[in-house]
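Please read the structure below before turning to the comments.
Residue numbers (my numbering), protein chains in the order written: chain A, 1 to 444; chain B, 1001 to 1608; chain C, 2001 to 2291.
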């Protein structure tokens, strides 16, 4: 088959490249076999002409909208990998067609945003399809659960959306990787800007979803603003996931005398709580700040509400003006799906592209080798500029994008909701790798 | 209920569990799916005992699944104990304790109300887990890092990993679970569960403490749920918070309904269908989110057209085939010589402990009013040992109310009821029955899904075992004296030849006789019969009058009856009620001559 | 955060959300009281009402028409549901009725998901009801006040129908003694169908008028269903006044407890329900004999 030839040519070109790491990874197969015993789905998962990726995203339930969005990013990435599209080659230059010459196949299962369902489905992909990579999450609960599964099954996991500090903090694993920004970096990025813009000693009200992501983001932001700007917390309204009505929380906010409302809710909760806050006239009294932006929030609540709102995000499509990779990705996505991608899809696309890059550099699918390729700290060209993986906690060192909502009159196109104010470099935002208690665990 | 091939089911289960890992993968089942099915199946065994056997539909089993799972996972992930087995057991105990607490609240109501309360309470558990207790439960993240079990025997240590060893681990527990459950449903307690499902009121009337048995079933279900929850954590290496959600309870209910309730294996089959279709629809048909729609439709159709689920459907089919082959057994009619039977269905031994002289039953000035309307006014009434008393009265005379008060089905507004010199006013029906006073109903109150014999077994069990006994693991045929008592009751009412026919297939006259037999099997010293002849053909009537004559030997009987001829033929003394009050009392002759009685009846006729 | 202004605000908010809960729950309780069926698809009816209104609103641009069309649609859906499915379950154990309505609820939710996707849909309030209304030191969204008034009016209409019309008489007679209605020579099935329709409409109507307050998702009925259970358990299953009382109590509990710690609001609601059950198992206004 064609893939065999591809593999050979890839090898040859790799050897020519001659980098030490690459040379080590590209040792002849028989030599490697001795010190690469079967591990997880290796070698069974990559002995055929294709490799399999298990994708679990919520297709039903509260997060189904985010799940659909992520899925588009994954599908586009797989398509690009298999066709050797130029866009993916910008991120993973060694990619020719497929990954290490093998076609990428995938299966999609509904995680219902439940950790249990996600773990079940991925276990099935591992057992049935010998999946060599897992992905998908729209909540940190799922990400943490899949992290643990990855480490136990020795199958790589690249997180979907996950904003909790814990994902690469206390619940980090050797087999898990996160591309996206998270509570700590969001807070550290948006904090200085808020202080610069609004001054010190303000009163803030928080709307926090009642789970790890919400608690860690809220605490990160609150701590930063208190320590550096003397902001106080007027109230912190913790609401359950999927609350049908925010009226009582919002009345507490309205009567708290705060100057700012920091809405940390995610997904549909973010949309609903923001809409209702506007109905309660809260934005006449206080300004909205979104420390961790939900994709499509502006589209759903309308630009009237988001006008002038500061938000921290992972990616916004107008970054295409700054980064060629972003430009190429946005164009390809627009062509495929008819609208501009938001960060859920971008995250999905980048995760696959960077995984392919790691595999190509490792020259093998042997998981510890791929992990080491990740950990090598190679600089990667991405949709948000140059990024690299931090070996100590498997978090991508990447900038946080600070955006401000455009007024409807200022929007040039229907998708032009946000203006990029600042691309805050990632490294200074991040905590020390062990600050959140990360112990990565074993390679084998 | 009474299995004649004791270890057949167990053997087949073991065989199936051993064969499954060799067969199922060829049908497209992933190993992990098979393990999941076993966890759901085990979870469902307890639920089936609660729903299929006892008739209590709970939509809140997630509370116990989660509780058991999180207790075990907490102990293991915080290194408070290293033995997985011990943690699972403690988790199970935790779930059972939660079951007692929830059961005490929820079981105050029945039916739909019960279902709603269980939903709400389970939802409360979910919220508690998610926030107030998140320091222990990990909130919405759950508890990752649950270890897999390790068994150490001397120097030899075996670590259960994934794959076959995990399957074996799960299968062993499923097997233990099913064996225990089979023991339970074949025990006297199991029989009483079925009786409660069919007719809780009658189960109480024959002397069973229904409330305690319901709580027992509830706690058994909670314990199974707790154990299954613990296994889920072990299986996934992670205790998911969604164990606590309404979805979990809903899925369990649906799986059980699909497989078939009241079968113990229904939930396992239901889980197999559910998980298989879920995977199949998504991976093969690429249905995406629509998989749930398809499964929802399958479920609705099954509930509509296959009332007892897949297993029930198969069983009905088998039953149809078998019924066609089997010739009907003729009704033998009531026994004319019941002397032998009487010996063992006589008034029970323990009720004659203290010799007692004076009236067996006495009502002193009892009055009953319903919000201003007085149904019974200041009635004095006494029945002597060995007497056969008739109570008559025109329609609306308050006979039924009076009768209900005598058996403690209804408490009087004022006045006392004395039985064997003991004040029984306000006691529970079951306790009164245990003292030796029971009743047969005007409208048949039978256990409709059981056979005739099983019906009588239920009544006899109350007499043999008392109000409440937890002999969960005792085989029902090991209850001393039970068989003899059942057989002699059957003989007495002349239904011996029809013993294994389901109640639903009995003729009306047979059902009437069974109704009386149920009361008789409880070996009462005082038997109250509420219109025993109601709705009978002349021949059936004659047979029943004969039956009453037979059973009165050694017993005291009170009969309310519209059939005057019968009352005057049978009774030694007759009490006449009119407009809620006592009108007259005397021998049949005296009553016939009583002008007040004539007037009351004539007046009644004239008014009607 | 207990301050006087906040207390008054929350008290009013409890009333507003309670009125809506009462309306939804009254539908559940009327159906149960008359037919003896607990409709587990009631949450789906609420959701379906919202979507029906959404479709009508986008077709016509008129909020009033959306409300009317949505309500009419739900009465038809309810009636059909009774005719096609529920009717065949009267002779079956109540547990089977729970199962089948539970299944129908899932099917409806997933059908809507198939048709409309999972992304939330927004319905704008009529322009005259936008903005906020200052009421002393309480500022409240105008449209929510409108919703409260409409919900109260709808409850009043239901009350009139139940207590002042022949249909209402039959329904209430059915609640007292379902056997009697049949004896009165009334076509019970037709009454049942109408009642099921009205019950579904109550939920659907609440769903439409509430649509501008929340944004629509296919799952929106799930959490409402559990709350209506709590409402009717507190108020007494089958009791129309009980549904109103229970609704208001639940609304106030959720609202007032949020001042202390919102994380415990839901737990408090269930705790109060448990308390009611312990002290008065039939619910505050329920009849003791009714199971």
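For every residue, glycine included, the Cβ atom is placed at its ideal position computed from N, Cα and C.
- Shortest Cα-Cα distance from residue 1193(B) to any of 1220(B), 1175(B), 1253(B) involves 1220(B).
- Considering only beta carbons, no part of the segment 1201–1228 of chain B lies closer than 9 Å to chain A.
- 8 Å or more divides the Cβ of residue 1576(B) from the Cβ of residue 1570(B).
- Within 10 angstroms of the beta-carbon of residue 2047(C) lie 16 or more other beta-carbons, which makes it buried.
- Judged by pairs of C-beta atoms under 8 Å, the segment 38–45 of chain A does not touch the segment 377–388 of chain A, as fewer than three such pairs exist.
- Annotated three-state conformation of residue 269(A) is helix, per DSSP.
- As computed with DSSP, residue 396(A) is found in a beta bridge with 389(A).
- By the rule that beta-carbons nearer than 8 Å mark a contact, residue 65(A) touches chain C.
- Taken in chain order, the complete alpha helix (DSSP H) segments of 4 or more residues contained in the segment 2100–2152 of chain C number zero; there are none.
- Pairing residue 2232(C) with residue 2273(C), the inter-Cα distance amounts to about 10 Å.
- Checking the DSSP bridge columns, you'll see residue 177(A) partnered with 158(A).
- Its Cα nearest to that of residue 173(A), the residue 156(A) stands out among 163(A), 185(A), 156(A), 187(A).
- Two segments are said to touch when three or more pairs of C-beta atoms, one from each, lie closer than 8 Å; by this definition the segment 1469–1483 of chain B does not touch the segment 1431–1446 of chain B.
- Judged by their CB atoms, residue 383(A) and residue 319(A) are nearer to each other than the 8 Å cut-off.
- Distance from the CA atom of residue 1467(B) to the CA atom of residue 1572(B), rounded to whole angstroms, is 33 Å.
- Around the C-beta of residue 207(A), 16 or more other C-beta atoms lie within 10 Å, and the residue is accordingly described as buried.
- In this structure, residue 171(A) sits near residue 1144(B), with a CB-CB distance shorter than 8 Å.
- Assignment of alpha helix (DSSP H) within the segment 1448–1481 of chain B, counting only whole runs of 4 or more residues, yields 1452–1465 in chain order.
- In the DSSP assignment, residue 1415(B) falls within the beta strand (DSSP E) that extends over 1414–1419.
- In summary, residue 1022(B) is exposed, with fewer than 16 beta-carbon neighbours lying within 10 Å of its beta-carbon over all protein chains present.
- Comparing C-alpha distances from residue 1535(B) to each of 1510(B), 1547(B), 1376(B) shows the shortest one belongs to 1510(B).
- When Cβ-Cβ separations below 8 Å define contact, residue 1303(B) makes contact with chain C.
- The beta carbon of residue 2110(C) falls within 8 Å of a beta carbon belonging to chain B, placing the residue at that interface.
- Short of 7 Å from the beta carbon of residue 188(A), and not among the five residues preceding or following it, lie these beta carbons of its own chain, in chain order: 224, 429.
- Against chain B, the CB of residue 347(A) has no partner CB under 8 Å away; the residue lies outside that interface.
- Using a Cβ-Cβ cut-off of 8 Å, residue 1257(B) is close to 2099 of chain C, given in chain order.
- With contacts defined by Cβ atoms closer than 8 Å, residue 2158(C) and residue 2234(C) do not form a contacting pair.
- Bridge partners of residue 249(A) according to DSSP: none are assigned.
- Close to residue 1290(B), with beta-carbon spacing below 9 Å, are these residues of chain C in chain order: 2110, 2113, 2114.
- If you compare the alpha carbons of 1297(B), 1407(B), 1579(B), 1281(B) with that of residue 1528(B), the shortest gap goes to 1407(B).
- Each of 1295(B), 1448(B), 1111(B) was checked against the Cα of residue 1503(B), and the nearest Cα belongs to 1448(B).
- By the Cβ rule, the segment 1358–1374 of chain B does not count as touching the segment 1544–1554 of chain B, because fewer than three pairs are nearer than 8 Å.
- Nearest CB-CB separation between residue 2165(C) and chain A: not below the 8 Å threshold.
- Taking a contact as a CB-CB distance under 8 Å, the pair residue 2018(C) and residue 2248(C) counts as one, their CB atoms being some 4 Å apart.
- In the DSSP annotation of this structure, the continuous segment of the beta strand (DSSP E) that includes residue 209(A) starts and ends at 203–209.
- For the C-beta of residue 212(A), the chain B residues within less than 7 Å are, from N- to C-terminus, 1139, 1140, 1141.
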